[in-house]
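Written below as structure tokens is the structure these notes are about.
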Amino acid sequence: MIIKNNQLHEVQVVHQGRKIPLKTIRTNSLEEHKKYMRLESDADIETLSIEEIKERYDKLPTGLKLGTTRDSMIESLKAAQRTRHMKMWHDGSQLIDHPYLLHTVSFIYDSLVYYTNEEYLNRYGIKADVQSIVEDPFIYILAMTRGTKEGQLRYTETRISDIEELNTPILIPGAADELGIPIIDVIRIFHGDGPARQFESGQSKGGSYPCSNCPIQASLTANLLQSQKLPRVTLEEKRETIMKKGVISRANLEIDPNSLNKQSLIAELKALKKFQLGDEKKTVELLKNKVKKHYKGCISIPALCSTNPDISLNDTPLKSYEIAPGEIMHDLKEHTVHLLLELPRHISDRDNRLEVCGIIAQLRGSGTSACHYREVLIKLLKYTKIIDIIGINIYNILRF
Ligand SMILES: [Zn+2]
């Protein structure tokens with residue numbers, strides 16, 4: 003509805019979006035990746051000796067249980083070899099003057115599920131970077147909508163319905179087992195820019211507590227000791243914070259202390275059992291700070307809990323879901339800027355220094371984005387004489 007000439011007018015807004023269902027992506031990716039996967043039948047695994055199973059488990063990350071009997075070892079190995087973990091990503095951007103939202107899915111490389119490069123070479127006689135092939139993203143949702151919370155929420159319900167189907171394994175036909183080998187897919191991690199991570203976790207965008215993973219205050223983020231000491235907050239803990247405490251948050255599945263008046267702030271503090279004698283005489287600003295200090299930026303339910311907010315994430319296919327604590331390319335941008343600024347000062351020969359300054363200035367151009375700086379650094383390191391000029395030690399630091 004919009005108001006025009008003091009009259010209410012109904013306006014219809016059409017949003018268009020296309021989705022490749024997660025089940026289709028899971029099936030297509032299996033078809034694409036099956037030649038890189040171990041895909042042993044039950045019979046193949048059951049003939050392995052205890053020593054062979056243990057040897058394979060040595061490759062596993064610590065914390066996975068092998069079991070004590072041969073049968074339990076076999077079952078653990080079958081489960082680990084047949085479970086893929088998915089990485090989700092989304093972001094909004096402008097394309098030909100229209101706002102678009104893109105979601106992608108990729109599968110995380112695991113040497114128990116997929117061959118190593120050496121194994122693939124021995125098996126097929128072809129060199130391949132198995133990890134980069136397996137982790138290549140698939141387009142999931144492309145929608146014409148703004149990257150705002152409202153825009154992103156329009157596609158949350160359809161994402162949740164896809165995730166609910168994850169309990170059903172995909173069978174690979176034609177495998178040695180009669181029914182096919184069942185492959186389980188687990189939604190494991192979300193990575194993306196800060197605002198996308200904040201949407202996914204229900205964290206406030208900006209403000210005093212912007213981290214999706216811990217309750218650190220924005221002013222203390224440069225304090226590494228303080229950052230390391232703080233506990234990690236899981237998505238389930240965030241859901242509980244919104245669902246179990248306070249009255250205002252329970253009613254709306256979100257809380258914005260900045261929008262509350264004095265009466266609501268006092269009601270919230272009382273419901274949280276944080277109300278103290280004398281609080282009623284405090285200013286609205288002080289009361290807001292007290293409520294903010296309690297929620298620590300956890301302002302709404304994690305996005306993928308929105309259709310069933312009362313159900314614990316531990317009872318859903320999202321029980322292993324985590325938000326990555328950073329976005330590597332953006333986090334490294336400022337380091338890259340500093341490295342490029344500092345590099346010429348480490349070159350003692352004047353001509354070489356001027357040559358490197360010229361290359362950097364030419365490569366940098368007018369671009370300012372994180373991916374541009376990454377490209378500049380990669381191109382600089384590919385310059386033929388660069389190792390001779392800066393020395394292998396500095397080259398390795400930049401390469402790292
Ligand atoms: Zn943090």
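This note's numbering puts the first residue of the sequence shown at 3, with every later residue one more than the last. Note that beta-carbon positions come from the ideal geometry of N, C-alpha and C, so glycine has one too.
What's the gap between the Cα of residue i and the Cα of residue j?
i	j	result
K384	R20	39 angstroms
Q230	R84	35 angstroms
T70	K56	11 angstroms
E137	P23	18 angstroms
I330	R376	11 angstroms
L400	L279	58 angstroms
G127	E120	10 angstroms
G299	I218	9 angstroms
T223	G182	50 angstroms
K290	I165	37 angstroms
P233	E12	49 angstroms
K246	L365	53 angstroms
F109	K89	6 angstroms
Q18	E167	24 angstroms
D317	D258	28 angstroms
K381	G360	13 angstroms
Y59	H87	18 angstroms
V107	G204	20 angstroms
E324	R199	10 angstroms
F140	N124	28 angstroms
Y122	A81	22 angstroms
V16	R156	12 angstroms
Need the endpoints of the alpha helix (DSSP H) that residue i sits in, please.
i	result
Y126	119-126
E53	52-59
T243	237-246
E357	352-366
G153	151-155
S261	Element bounds for S261: n/a, residue is neither H nor E.
So, at 7 angstroms on beta carbons, what are the nonlocal neighbours of residue i in its own chain, with the 5 sequence-adjacent residues on each side left out?
i	result
L402	The residue asked about is misnamed: residue 402 is Phe in this sequence, not Leu. Nothing meets the Cβ criterion.
I389	Y397
P346	R355, V358, C359
Over the uninterrupted beta strand (DSSP E) stretch that includes residue i, give me the two end residues.
i	result
G196	Note, G196: premise wrong, no beta strand (DSSP E); alpha helix (DSSP H) at 196-203.
M146	140-146
Y102	100-109
G94	85-97
K21	18-21
D187	183-192
L173	172-174
H11	9-11
Residues in the same chain with beta-carbon distance under 8 angstroms from residue i, minus the five sequence neighbours each way, listed in chain order, please.
i	result
I172	K25, R28, T29, L32, P184, I185, D187
P101	G94, S95, M146, T147, R148, G149, G153
K37	Y126
P175	G182
P197	G149, K207
Within the same chain, show all residues whose beta-carbon is closer than 6 angstroms to that of residue i, passing over the 5 residues directly before and after it, in chain order.
i	result
S322	V188, R190
H105	H92, Y142, I143
Inspect the CB distances between the region 43-53 and the region 68-78 and report whether three or more fall short of 8 angstroms.
-> Output reads yes: the region 68-78 touches the region 43-53.
Count the CB pairs spanning the region 203-212 and the region 286-302 that are closer than 8 angstroms, and state whether there are at least three.
-> Pairwise C-beta distances place the region 203-212 in contact with the region 286-302, as three or more of them are shorter than 8 angstroms.
Between the region 301-310 and the region 266-277, are three or more C-beta pairs nearer than 8 angstroms?
-> Two segments are said to touch when three or more pairs of C-beta atoms, one from each, lie closer than 8 angstroms; by this definition the region 301-310 does not touch the region 266-277.
Check each residue's C-beta against every heavy atom of ligand 1 and list, in chain order, those closer than 7 angstroms.
-> Every residue passing the under-7 angstroms Cβ criterion appears here: C213, N215, C216, I218, S229, L232, P327.
Any chance the region 338-355 sits against the region 191-203, with 3 or more Cβ pairs inside 8 angstroms?
-> Contact between the region 338-355 and the region 191-203 is absent, with fewer than three C-beta pairs closer than 8 angstroms.
Any chance the region 390-399 sits against the region 340-354, with 3 or more Cβ pairs inside 8 angstroms?
-> With a cut-off of 8 angstroms, the region 340-354 and the region 390-399 count as touching, because enough Cβ pairs lie within range.
Stretch pair the region 310-318 + the region 233-243: three plus CB contacts closer than 8 angstroms | The region 310-318 vs the region 233-243: in contact.
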